[in-house]
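*Asks:* Taking this note's numbering, the leading residue of the sequence shown gets 5, the next gets one more, and so forth. Cβ atoms here follow ideal geometry from the backbone N, Cα and C, with glycine treated the same way.
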Amino acid sequence: MKAEKIKDLALNALDDLKARDVITLDVREMTDVTDFMVICTGTSNRHVKSLADNVALDLKHKGCQAMGIEGVDHSSEWALVDFGEVVVHVMLPDTREFYDLERLWSVPAA
């Protein structure tokens, strides 16, 4: 499955469970590790877990198995679902602000 399709399916799965502040970063020019990062916020530890689980399960049903899933225990502040070409990060608001992945992976001004 192509990266764009995986990204779109992940965005739909996050929307289904009301993920907040969802953004997509195109990092193809910055790294060979992945093509897209999807970053969103969950409202509680349980919401973070539910969002990550829903993305993994929804895409699995559509033929795209996650390569790895991290941080989906009940006390998680940050969960990650890795589909290779697309990596989904689900974080609590304070965790997202602290790590500021958007700034870290933003394209530098020319």
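Which whole-angstrom value is the C-beta distance of Leu-105 and Met-34, which I expect to be below 8 Å?
*Replies:* Not confirmed; about 12 Å, so no contact.
*Asks:* Using only alpha-carbon positions, find the residue among Leu-63, Ala-23, Thr-38 that is nearest to Asp-30.
*Replies:* Selected option, being the one with the closest Cα: Thr-38.
*Asks:* Do the CB positions of Leu-61 and Phe-87 come within less than 9 Å of each other?
*Replies:* Going by C-beta atoms, Leu-61 is not nearer than 9 Å to Phe-87.
*Asks:* Give me the DSSP bridge partner(s) of Phe-40.
*Replies:* The partner list for Phe-40 (beta bridge, DSSP) reads Asp-30, Val-90.
*Asks:* Taking only the alpha-carbon atoms, compute the straight-line gap between Ser-48 and Leu-96 and give it to the nearest angstrom.
*Replies:* Near 6 Å, if we compare the C-alpha coordinates of Leu-96 and Ser-48.
*Asks:* Would you identify the three-state DSSP class for Asp-77, choosing helix, strand or coil?
*Replies:* Looking at Asp-77 - three-state DSSP - the assignment turns out to be coil, as it is neither helix nor strand.
*Asks:* Please identify the residue among Gly-46, Gln-69, Glu-101 whose C-alpha is closest to the C-alpha of Leu-13.
*Replies:* It is Gln-69 whose Cα lies nearest to the Cα of Leu-13.
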